[in-house]
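This report concerns only the one structure given below.
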Amino acid sequence: MKTSLSKQQDNRKEIELFIGPQHPASGHMRFIGRVDGDIFTNFIPDPGWVHRGIEKIAENRKWIQIIPLVERAAILDAANMNIGYVIALEKLLDIEPPPRAQYLRTLLCEINRITSHLYGFGIAGIMIGSSTFYMWPFADREPLIDIAQLITGARLTYSYMIPGGVRRDLPQGFKEKALKALKYIERRLNNDYFRIFFDNPVTKARYQEVGVLKRDDAIRLGIVGPNLRASNVKYDVRKVEPYAAYPELEFDIAYEKEGDCYARLLVRVEEIRQSIKIIRQILDALPQGPIIHKKYEKLVSLRKLEEYQKTGIFGLPAIFTVLRPPAGEVISRVEAARGELIFHIISTGELRPYRLRMVTPSFRNIVLFRELISGARVMDFPAIYGSIDYFPPESDR
Amino acid sequence: MEIVDLILNILLHPSIFVPLIFPGFITILIIIILLIWAERKVAAKIQMRIGPLYVTRRFGGILQLLADLLRYMFAEVITSKDSDKFIFIASPIVALTATLLPLAVIPAGSLLGIELIALRTNISLLAALALSSLTPIFIIIMGWASNNKFALMGSLREGHLMISYEVPLYLSALSVAILHGSLDIVDIVNNQQRVWTVLINPFAAFSFFISVIMSTSRFPFEITESDSELVAGPYTEYSSILYGLVMGVPYMRLYVFTLLFVDLFLGGWYPLIDGFSSITLIIKVLIILLFSVFLRSVYPRYRLDQAIRIGWHILFTLSLISITLSLLIIGWVM
Amino acid sequence: MRVKEEQSLTGNIYNFVRKIVLWIIFKTPLKRLRNWGISYSLWPVHLTTACCGCEFGASSAPRFDAERTGYLPFVGPRQTNLIVIEGSLSKKMANAVRLTYEQMPNPKYVIALGACAIDLGIFYDSYNLVRVDEVVPVDVYVPGCPPRPEAIIRSVVMLQRKIRRGG
Amino acid sequence: MIIKIINNFYHHIRAILIGLKYLLSPGIRITLKYPDELPILPENYRGMLKLNNELCISCGLCSQICPAGAINLKLFEHEQTKQVGRHPEVDYKRCIFCGFCIDICPSKALELTRIHDAAFYVEDELYYEVNRLIIGPKIDPPCMRSKYVISEIDEVRGIVYRNA
Chain B
16 MKTSLSKQQD
26 NRKEIELFIG
36 PQHPASGHMR
46 FIGRVDGDIF
56 TNFIPDPGWV
66 HRGIEKIAEN
76 RKWIQIIPLV
86 ERAAILDAAN
96 MNIGYVIALE
106 KLLDIEPPPR
116 AQYLRTLLCE
126 INRITSHLYG
136 FGIAGIMIGS
146 STFYMWPFAD
156 REPLIDIAQL
166 ITGARLTYSY
176 MIPGGVRRDL
186 PQGFKEKALK
196 ALKYIERRLN
206 NDYFRIFFDN
216 PVTKARYQEV
226 GVLKRDDAIR
236 LGIVGPNLRA
246 SNVKYDVRKV
256 EPYAAYPELE
266 FDIAYEKEGD
276 CYARLLVRVE
286 EIRQSIKIIR
296 QILDALPQGP
306 IIHKKYEKLV
316 SLRKLEEYQK
326 TGIFGLPAIF
336 TVLRPPAGEV
346 ISRVEAARGE
356 LIFHIISTGE
366 LRPYRLRMVT
376 PSFRNIVLFR
386 ELISGARVMD
396 FPAIYGSIDY
406 FPPESDR
Chain S
28 MEIVDLILNI
38 LLHPSIFVPL
48 IFPGFITILI
58 IIILLIWAER
68 KVAAKIQMRI
78 GPLYVTRRFG
88 GILQLLADLL
98 RYMFAEVITS
108 KDSDKFIFIA
118 SPIVALTATL
128 LPLAVIPAGS
138 LLGIELIALR
148 TNISLLAALA
158 LSSLTPIFII
168 IMGWASNNKF
178 ALMGSLREGH
188 LMISYEVPLY
198 LSALSVAILH
208 GSLDIVDIVN
218 NQQRVWTVLI
228 NPFAAFSFFI
238 SVIMSTSRFP
248 FEITESDSEL
258 VAGPYTEYSS
268 ILYGLVMGVP
278 YMRLYVFTLL
288 FVDLFLGGWY
298 PLIDGFSSIT
308 LIIKVLIILL
318 FSVFLRSVYP
328 RYRLDQAIRI
338 GWHILFTLSL
348 ISITLSLLII
358 GWVM
Chain H
334 MRVKEEQSLT
344 GNIYNFVRKI
354 VLWIIFKTPL
364 KRLRNWGISY
374 SLWPVHLTTA
384 CCGCEFGASS
394 APRFDAERTG
404 YLPFVGPRQT
414 NLIVIEGSLS
424 KKMANAVRLT
434 YEQMPNPKYV
444 IALGACAIDL
454 GIFYDSYNLV
464 RVDEVVPVDV
474 YVPGCPPRPE
484 AIIRSVVMLQ
494 RKIRRGG
Chain X
2 MIIKIINNFY
12 HHIRAILIGL
22 KYLLSPGIRI
32 TLKYPDELPI
42 LPENYRGMLK
52 LNNELCISCG
62 LCSQICPAGA
72 INLKLFEHEQ
82 TKQVGRHPEV
92 DYKRCIFCGF
102 CIDICPSKAL
112 ELTRIHDAAF
122 YVEDELYYEV
132 NRLIIGPKID
142 PPCMRSKYVI
152 SEIDEVRGIV
162 YRNA
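Structural data, given as structure tokens:
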């Protein structure tokens, strides 16, 4: 790193700018840029400030204990991290959860997708200086977080899905509350957000034709998620390789043609609309039945079984502490809020996995900083950063 | 009793009363405390929350800025090793003083029968504008003396912006002077007894107002100290009471310019009776101030090149149009 | 013994002076005023160390609005007086935290947020994390992973109380 | 060009108007005045733990499943009943509130308290020994006049609060 930067030391025209880790726009991250006048001639992201070694720690944990661990990669997007790992584990164990559990999983994933996108909007808003558009999405996350809290019992880190099903059933009167929250968020999204932010001429001036990612480049760089779909590529793991209840649900892939910062934000708006549509379908067509695979239903204590039949809270069977999936190697792909998430697990039939590899969407999008910001203006850096919706802990793991 | 009379006479003499009490130092302090509180409260209301509250619970947290000031006062003053220490410490103080200088020539109506103008000249408009252009220079010096890359870049931005807002500012003020045939602000205000300038020449008012917003780094032109890439712009290295001073500078500048704006375009202290005409003035000033801080909660900020383009393409054109308009009106009336 | 001899001549002057000094330091209105000002103006510096930053953001968002207590996230270390360590602290970030802490003007305070900051939490056997105690002195500990925004506001209120008591 | 300028101007006005609308419309706040109003969380909220030592069968499953290693077992003799058993101690310095220990407990000896807003001056207070775990977390309300509220989801205002 040092040699490459000091090479151009004699070039007096440029100054070297270290942005972060203590910087209002850097997050948990550092950027090393070279500025010539008002243009970044070179821009290098320097990740790794939140590296906690989740993959390595996973080798020292029992299979069930990894569920909360992989969530910590992106606690904003905990449900999607969770479902990715659980699907891989179920492939190893060769069990299939009952349909009601599949629907509940999908429900939580979509709620989480909305809250995650709203968080991204808030960060994008404060990056270009709109304090109101930081506060509004954060305010509108709260009804949805309350909904998720009703199901799971936690604000962000749900640990809701377990191998074979989910931990709890829906509480009483859930549907009415969820519909109210959806109506509220839909109204705000379609009217107020557009009037104060997306249609605001200042926002358009900051975002349109800034940080353009062409279709070919997006495919060449292996970009995933909304950033890919904003460059006119219709690729969504939920459609390509459906999991959970997605094959039975009807929704469209959100995409835009331009590939600039504005398109990246509009894709997320459209995705929120699609998620609302999915949640409505799930609430209408939720199948009856158990929420856990019948193999595990028999294994809990009698007292816990009574509670499960009465309140819908399924206690974990004691066998989970000594879970030993057969030896093998699996891969699971899911569409997290920021893009495609891959889990690759190698099991040797022990109490703990031999190797857990997670490829997170933020990590695959990090190359965008270098591609888009090199050559952009200094004031375009926060606009592009906000539009990429990059979450450092997810990338560093 | 004679001593009391003497003190009162001295205090109520315009050349003491104006800089010290109204519209000078004490009024400015009160207005800034209220204005920053109002800015945070207005933003909070639009953002569906409450804003500062617990510092004085019964009065809605009105003393929030006082608490902040106290903290600044008792915090450690840090001057970094690489900075030019004398200039680093002196420039905020000088900038603050320079910001207040235009008040000497800006009339503020009359209170209790005293004409509130410290220095009556027949070129007061020119003097006010010339004195007001001192502050940006000291902001640039602050960034240079800090010896910090972010501060330096902030200063450069201030330099770029300064040129693009000052030309339309002066030209639109000039168009008002042409319209009223005088460079004396008192004459200009007295000319507006029947109809305000903003109704005759709205282009000049618009261009002047946007230039003011730009020069005091209000949103959407908060570019000099835009925190998302430059931390705090030229003020990055300033801590404790020095930061308290530099934080006050844009607000004081806003107040001074608003006073000028009201005098030039909104009929100054008319239409209230002579004795308390200042009250009309201050109400108008407060409304304009509130509107300018309200813009924070509506807008993101423009990019630097876009702001400069707005300055030269739109505001410059508008101010040229306003001068033409003033000339046409004068010619037509003549 | 010598003190007693002096007392027999001049009365208890030693205690008297000591009382006056203590009064000036701890009981003057100035000190009270200072503590009042500082306690209602805790500005955390913008230093995000890990994922509890989400709840840190939510605590200043409309639902919980920590700005009511005079708490305003602000840009640089020079202008602020509070560090909120949000979650786990990697070895790479620990240097940055220490540097930021040293750049801040006195008096300054630290809140440790989340299990990861206090005792590494779920990452207890990670090779790349350090405890906050080893890097900067901590004033208030908040458990949880992540703590709820209410707990964050509570920690701010507790810190205010500590400052007003003269901490 | 002209159309673009007019369009921009129109959108500027719309943005300012919506700002004014929110500024002037009453009662749109969704703020929970936290130290004054304490929220009542939904049932089954995963807060701090409480131990019912009479039900505890000393199986140690909670300690085995805890992902953070926050639960240690300790030999404990109750003062009144003289019951002896290996009971869990919770280390909130590490606890991540995942609720696995409660779900796996076969005899329902561990229960949730819904207490969530704790903060401590001293680090050692975060370690809950068996004694304290049996009593359950005692967290004082942050101020004297606090009252309890229930938050409800509303179609128009997002979240509303109602006195409990």
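Residue numbers (the numbering used here), protein chains in the order written: chain B, 16 to 412; chain S, 28 to 361; chain H, 334 to 500; chain X, 2 to 165.
Glycine is no exception: its CB is placed at the ideal position from the N, C-alpha and C atoms.
Treat the numbers as computed from the prediction; the structure is a model and nothing was measured.
Buried or exposed: which applies to G364/B, given that a residue is buried once 16 or more other Cβ atoms fall within 10 Å of its Cβ?
Start at 1 with the first residue of the first sequence, and residue 364/B comes out as number 349. Its Cβ having fewer than 16 others within 10 Å, G364/B is exposed.
Against chain B, which members of the region 47-80 of chain S pass a CB distance test of less than 9 angstroms?
Per Cβ criterion, the list reads A70, A71, I73, Q74, M75 and R76.
Below 8 angstroms between beta carbons: does that hold for H43/B and T382/H?
The residue labelled residue 43/B in the question sits at position 28 within the first sequence. The residue labelled residue 382/H in the question sits at position 49 within the third sequence. Going by C-beta atoms, H43/B is nearer than 8 angstroms to T382/H.
Considering only the alpha carbon of each residue, which of F378/B, N242/B and P36/B lies closest to V430/H?
Looking up residue 430/H in the third sequence gives position 97. Measuring from the Cα of V430/H, the nearest candidate turns out to be P36/B.
Could you tell me if P5/B is buried or exposed, where buried requires 16 or more neighbouring beta carbons within 10 angstroms of its beta carbon?
No information on residue 5/B is available, as it lies outside the stretch 16 to 412 that chain B covers here.
Which class does S137/S belong to by DSSP, given the choice of helix, strand or coil?
For this step, residue 137/S is matched to residue 110 along the second sequence. Correct three-state label for S137/S: strand.
Are the Cβ atoms of I140/X and D118/X separated by less than 8 angstroms?
Your numbering for residue 140/X matches position 139 in the fourth sequence. Your numbering for residue 118/X matches position 117 in the fourth sequence. Yes, these two residues count as a Cβ contact at 8 angstroms.
For D184/B, report the span of its beta strand (DSSP E) as first-last.
Reading the first sequence from its first residue, position 169 is the one you call residue 184/B. That residue, D184/B, is in no beta strand (DSSP E); it is neither H nor E in DSSP.
In this structure, what does DSSP give as the bridge partners for N97/B?
By 1-based counting over the first sequence, the position of residue 97/B is 82. According to DSSP, which records beta bridges pairwise, N97/B is partnered with nothing at all.
Counting only Cβ-Cβ distances shorter than 7 angstroms, please list the residues of the region 28-48 of chain X near chain A, keeping chain order.
Going by chain labels, chain A is absent from the structure shown, which instead holds the protein chains B, S, H and X.
Just to make sure I have the definition right: I need the residues of chain H whose C-beta is within less than 7 angstroms of the C-beta of I72/B. Which are they?
Here residue 72/B refers to the residue found at position 57 when the first sequence is read from its first residue. Ordered by position in chain H, the residues that pass the 7 angstroms Cβ test against I72/B are F456, D458 and S459.
Under 8 angstroms between C-beta atoms, does G70/X make it to chain H?
What you label residue 70/X is simply residue 69 of the fourth sequence in a count that begins at 1. It does: the Cβ of G70/X has a partner Cβ on chain H nearer than 8 angstroms.
Quick one: measure Cβ to Cβ for K310/B and G179/B, integer angstroms, because I've assumed they're closer than 8 angstroms.
Numbered from 1 along the first sequence, position 295 holds the residue referred to as residue 310/B. Numbered from 1 along the first sequence, position 164 holds the residue referred to as residue 179/B. Yes, K310/B and G179/B are in contact; Cβ-Cβ is about 7 angstroms, under 8 angstroms.
At 4 residues or longer, and completely inside the region 226-253 of chain B: list those alpha helix (DSSP H) runs for me, N to C.
Qualifying alpha helix (DSSP H) stretches, in chain order: 230-236 and 241-244.
D254/S CB to nearest chain H CB: under 8 angstroms?
In the second sequence, counting from the first residue as 1, residue 254/S sits at position 227. Closer than 8 angstroms to some Cβ of chain H, the Cβ of D254/S qualifies, so yes.
Between Y265/S and P119/S, how many whole angstroms is the CB-CB distance? I'm expecting something under 8 angstroms.
For this step, residue 265/S is matched to residue 238 along the second sequence. For this step, residue 119/S is matched to residue 92 along the second sequence. Contact holds; Cβ gap of about 7 angstroms.
How far does the beta strand (DSSP E) with M373/B in it reach, from first residue to last?
As a working note, residue 373/B is residue 358 in the first sequence. Here the beta strand (DSSP E) through M373/B covers R370 to V374.
What are the boundary residues of the beta strand (DSSP E) that includes R87/X?
Taking the fourth sequence and counting its residues from 1, the one referred to as residue 87/X is at position 86. Run containing R87/X: V85 to D92, per the beta strand (DSSP E) assignment.
Counting contacts by CB-CB distance shorter than 8 angstroms, is L159/B in contact with chain S?
Locating residue 159/B in the first sequence gives position 144, counting from the first residue. No, its Cβ sits nowhere closer than 8 angstroms to a Cβ of chain S.
Only counting runs of 3 or more residues, tell me where the beta strand (DSSP E) segments fall wholly within the region 436-462 of chain H, in order along the chain.
Counting whole runs of 3 or more residues, the region 436-462 of chain H contains the beta strand (DSSP E) stretches 442-446.
Only counting runs of 3 or more residues, tell me where the beta strand (DSSP E) segments fall wholly within the region 314-399 of chain B, in order along the chain.
Here the runs fully enclosed are 343-351, 354-362 and 370-374.
Name the chain X residues whose beta carbon is nearer than 7 angstroms to that of V325/S?
Taking the first residue of the second sequence as position 1, residue 325/S is located at position 298. Going along chain X in sequence order, the residues near V325/S (Cβ under 7 angstroms) are A16, I17 and G20.
Verify whether the separation of the beta carbon atoms of C58/X and S64/X is less than 8 angstroms.
In the fourth sequence, counting from the first residue as 1, residue 58/X sits at position 57. In the fourth sequence, counting from the first residue as 1, residue 64/X sits at position 63. For the sequence presented, residue 58/X should be read as Ile rather than Cys. Contact flag unset, no.
Compare the Cα-Cα distances from D92/X to each of Y128/X, P143/X, K75/X and L52/X and report the closest residue.
Here the question's residue 92/X lines up with position 91 in the fourth sequence. It is Y128/X whose Cα lies nearest to the Cα of D92/X.
Compare the C-beta of Y23/X against all C-beta atoms of chain S and say whether one is closer than 8 angstroms.
For this step, residue 23/X is matched to residue 22 along the fourth sequence. Yes, Y23/X lies at the interface with chain S (some Cβ there is under 8 angstroms from its Cβ).
In chain B, which residues lie with their C-beta within 8 angstroms of the C-beta of T413/H?
Along the third sequence, read from residue 1 onward, the residue named residue 413/H stands at position 80. The premise fails here: T413/H is roughly 10 angstroms from chain B at the closest Cβ pair, so nothing lies under 8 angstroms.
Check each residue of the region 353-386 of chain H: if its Cβ is closer than 8 angstroms to any Cβ of chain X, include it; give the result in chain order.
Going along the region 353-386 of chain H in chain order, one finds no residue with a Cβ nearer than 8 angstroms to chain X.
Along the region 384-401 of chain B, where does the CB come closer than 9 angstroms to a CB of chain S? Name the residues.
If the cut-off is 9 angstroms between Cβ atoms, the region 384-401 of chain B has R392, V393, M394, D395, F396, P397, A398, Y400 and G401 near chain S.
Counting only C-beta atoms, is L123/S closer than 8 angstroms to chain H at any point?
For the purposes of this step, residue 123/S is identified with residue 96 of the second sequence, where counting begins at 1. Not an interface residue.
Suppose only complete runs of 3+ residues qualify. What are the beta strand (DSSP E) ranges in the region 371-442 of chain H, listed by chain order?
DSSP runs (the beta strand (DSSP E)) wholly in the region 371-442 of chain H: 415-419.
Put L108/B into one of helix, strand or coil per three-state DSSP.
Numbered from 1 along the first sequence, position 93 holds the residue referred to as residue 108/B. Helix.
Could you have a look at F212/B and say whether DSSP puts it in helix, strand or coil?
Start at 1 with the first residue of the first sequence, and residue 212/B comes out as number 197. It is helical.
Could you tell me which whole alpha helix (DSSP H) segments of length 4 or greater appear in the region 26-89 of chain B?
List check, alpha helix (DSSP H) in window: 69-73 and 81-86.
How many Å lie between L107/B and Q324/B at the Cα?
The residue you call residue 107/B lines up with position 92 of the first sequence. The residue you call residue 324/B lines up with position 309 of the first sequence. Going by the C-alpha atoms only, they are around 28 angstroms apart.
For the region 94-140 of chain S, which segments carrying the alpha helix (DSSP H) assignment without a break, of at least 4 residues, lie completely within its bounds, in sequence order?
Runs of the alpha helix (DSSP H) inside the region 94-140 of chain S: 112-127.
Would you mind telling me which residues of chain X sit closer than 8 angstroms to V473/H, beta carbon to beta carbon, in chain order?
Taking the first residue of the third sequence as position 1, residue 473/H is located at position 140. A120, F121 and Y122, listed in chain order.
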